[in-house]
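Under my numbering, the letters of the sequence shown match residues 11 to 251, in that order. To start, the structure under review is shown below, and the notes come after it.
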Amino acid sequence: MNEDIKKIKISAIITAAGSGSRMASKIPKQFLKINGVSIIERTIRKFFSIDIIDEIIVIVRKEELDFYDKLTKKYNKKIKIAIGGNTREKSTYNGLLKTDANSDIIICHDGVRPFVTKEIILEAVKNMKDYNAVIVGVPVKDTIKSIREDKTIAFTPARKYLYQAQTPQVFKRDVILDAYKKCFTEDIQVTDDSSLMEIIGEKVKIIDGSYSNIKITTKEDLVFGEIIAKSEDELENRNRI
Ligand SMILES: Nc1ccn([C@@H]2O[C@H](COP(=O)(O)OP(=O)(O)OP(=O)(O)O)[C@@H](O)[C@H]2O)c(=O)n1
Ligand SMILES: C[C@](O)(CO)[C@H](O)COP(=O)(O)O
């Protein structure tokens with residue numbers, strides 16, 4: 011491990027205060043189990059296993075606080091809880107306010123992206139040596155069409171320049187705080203935190219994530235999720251022996 015990385019203070023924000031409308035399940039999707047373990051616990055334990063992360067802030071819905079009591083006991087004092095807002099950005103901002111003011115780096119991650127790897131998280135953090143913002147993504151495999159309201163095609167961007175954005179997305183704490191202040195003052199709506207950095211003119215580096223680092227959004231994702239989880243769990247069990 012690079013000695014410089016060990017010296018910096020790192021906070022992770024895991025957003026898990028969504029309602030999962032596209033999943034349309036009886037319980038919020040973060041609590042659905044994949045190969046026997048809830049999605050949110052799978053995500054939390056990935057971050058928990060990384061020594062250089064000093065604190066993990068999990069953003070939750072107020073009515074689900076009880077569930078996290080058990081999880082925080084299991085994963086000890088490294089975990090703090092913050093209450094979410096009605097958009098992902100508001101949830102992330104509540105998490106940011108709860109981070110240690112001495113933190114240098116903030117890792118933002120979707121609670122429903124449980125198959126991120128330790129290697130990807132560390133690689134994103136390493137790249138912060140040269141940038142104030144680093145995100146993870148994968149090259150787009152399909153041809154992407156930008157469409158008009160009437161569903162005719164407006165244009166086809168060159169695929170070689172297209173990446174699908176994932177999380178983790180990593181930022182210098184003071185820079186992301188500034189970006190969020192602008193977002194709320196000017197009522198800017200975005201679908202990822204990187205977009206805010208782009209709006210304030212910050213250069214964002216994208217590094218390769220993994221096609222397995224899926225966001226569990228709809229029912230089909232659960233099918234892929236089971237396959238990925240089984241192979242991940244099998245590997246972990248084998249390494250334990
Ligand atoms: N107000 C919100 C909305 C979303 N999230 C979190 O942000 C992550 C990514 O969001 P998404 O997949 O869109 O989750 P939901 O908002 O729950 O799903 P949907 O958009 O289908 O309702 C999820 O871990 C979700 O819990 C959050 O913390 N607070
Ligand atoms: C941040 C994100 O996971 C990048 O792919 C994604 O944009 C989140 O989507 P949401 O619907 O805004 O939660």
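Even glycine gets a Cβ: it sits at the ideal position worked out from N, Cα and C. Keep in mind that this is a model prediction, so the values were computed, not measured.
Distance between Lys213 and Met207, taken at the CA atoms: about 7 Å. Between Ala92 and Ile217, the CB-CB gap reaches or exceeds 9 Å. Listed in chain order, the beta strand (DSSP E) elements of length 3 or more contained wholly in the region 73–110 are 89–93. One thing to note: Lys88 has its Cβ within 9 Å of the Cβ of Ile63.
Counting along the chain, Ala164 sits inside the beta strand (DSSP E) bounded by residues Ile163 to Phe165. About 6 Å separates the beta carbon of Val122 from that of Gln40, a gap short enough to meet the 8 Å contact definition. Less than 9 Å divides the Cβ of Gly235 from the Cβ of Ile224.
Per DSSP, the beta bridge partners of Val68 are Ile24 and Ile91. Here the C-alpha atom of Lys56 lies approximately 37 Å from the C-alpha atom of Thr166.
CA-to-CA, the gap between Lys83 and Cys193 works out to about 35 Å. Here Pro124 is not near Thr228, since their CB atoms are 9 Å or more apart. Looking at the DSSP output, Phe181 bridges to Ile116 and Ala143. Lys225: not part of any beta strand (DSSP E); DSSP gives it neither H nor E. Boundaries of the beta strand (DSSP E) around Ile216: Lys215 to Asp218. In terms of Cα proximity to Ile145, the closest of Ile37, Gln174 and Asn96 is Gln174. A residue is called buried once 16 or more other Cβ atoms fall within 10 Å of its Cβ, and Asn249, having fewer, is exposed.
Contact between Gly105 and Thr25 holds, with the beta-carbon distance rounding to 7 Å and staying under 8 Å. Sixteen is the threshold: since fewer than 16 other Cβ atoms of the shown chains lie within 10 Å of the Cβ of Pro149, the residue is exposed.
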